[in-house]
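> Quick note on numbering: the sequence shown equals residues 8 to 262 in this note's numbering. We treat Cβ as the ideally placed atom computed from N, Cα and C, and that holds for glycine. Predicted model, so just to flag it, every value in this text is computed and none were measured.
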Amino acid sequence: MAGTDRGRESGGTQAADQPVFVLVRPQLGENIGAAARAMLNFGLDRMRLVAPRDGWPNPAADAMASGAGRVLDDARLIETTAEACADLTHVFATTARERALTLPVVTPEAAMAEARTIIAAGGRVGVLFGAERAGLETADVARANAVISVPTNPGFGSLNLAQCVLLVAYDWMRAAGPAAVVPGADWASGIELDRLLEHLDQRLEAAGYFFPAQNRTSMKLNIETLFRRTPLTGAEIRTLHGILRALTRPPDAGR
8 MAGTDRGRES GGTQAADQPV FVLVRPQLGE NIGAAARAML NFGLDRMRLV APRDGWPNPA
68 ADAMASGAGR VLDDARLIET TAEACADLTH VFATTARERA LTLPVVTPEA AMAEARTIIA
128 AGGRVGVLFG AERAGLETAD VARANAVISV PTNPGFGSLN LAQCVLLVAY DWMRAAGPAA
188 VVPGADWASG IELDRLLEHL DQRLEAAGYF FPAQNRTSMK LNIETLFRRT PLTGAEIRTL
248 HGILRALTRP PDAGR
């Protein structure tokens, strides 16, 4: 089961008027319900659930939602983070951990202001939230264009999942108002970027780029981060595919 559509959060290619909140491998139904309540408090109702530990639906989530049950009813159940991000053009990842990734780090306020601008221009925005015990894995964060970091007490910076959702949702509503529309609404979706990275990976493998072998995983991660850090348009993705084909074509081919 790649993804289950339930209600309005269909996960299609139509631009949304709000960001999608993606809970990645959440553990407790109570936290999912509290997150739904926090979202609806601030006008958000598009939730995606990636492999919840205790399965779905979850009665504990319904009980904790306290009037926000429709957010849970419309939530999409998805197996992987990649599938959850496939139709999104811009992704933010919430994390408090320092990682060896060169992604921009922004506050919830700055992220949601940017999200409003992106959505006004026709983009589709998602925010990733990690599991209660360990947060997002590095592979999840690598799918993002930027990291959201909440300024907290350095001696006690761990936030409950629902608390983090609440903070980001609050800044979404605070950022309400006329947003500047940026040019270039033909943003590439997550799956388009995935295909480009697969193409690049194939070409680099054939060229013997990933050497030494023990550095292969970290080299691939650095390349993925490089491309996800700056959002690309569909036209730019097609141009890069063309460049890769041209660079690996025999010199006399096509002449």
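Look at the Cβ atom of G164, then the Cβ atom of V27, and state whether they are nearer than 8 Å.
no
> Is DSSP giving F49 helix, strand or coil here?
coil
> With which residues is W194 paired in a DSSP beta bridge?
Paired residue(s): T240.
> Closest to C171 by C-alpha separation, out of Q25, V112, N229, L30, would be which residue?
L30
> Any idea which residues DSSP pairs V148 with across the strands?
The partner list for V148 (beta bridge, DSSP) is empty, contrary to what the question assumes.
> With a threshold of 7 Å on Cβ separation, who are the neighbours of N229 within its own chain once the five nearest residues in sequence on each side are excluded?
none
> Using CA atoms only, rank isn't needed, just tell me which of E231, E86, N48, W194 is closest to G326.
Because the chain here runs from 8 to 262, residue 326 falls outside it and cannot be looked at.
> Classify G197 as buried or exposed, calling it buried when 16 or more other Cβ atoms lie within 10 Å of its own Cβ.
buried
> Which residue or residues does DSSP assign as beta-bridge partners of N222?
Its beta-bridge partners do not exist; DSSP assigns none.
> Quickly, what does DSSP pair T232 with across the bridge? List them, please.
Answer is none; T232 lacks a bridge partner.
> My output table needs one value for R245: the three-state DSSP class, helix, strand or coil.
In the structure shown, R245 sits in a helix (DSSP, three-state: H, G or I).
> How would you call D52, buried or exposed, if buried means at least 16 neighbouring beta carbons within 10 angstroms?
buried
> Can you list, in chain order, the residues of its chain with a C-beta nearer than 7 Å to that of L238? Leave out the 5 residues immediately preceding and following it.
Note that residue 238 corresponds to Pro in the displayed sequence, not to Leu. So the list reads T96, H97, N152, W194, once near-sequence residues are dropped.
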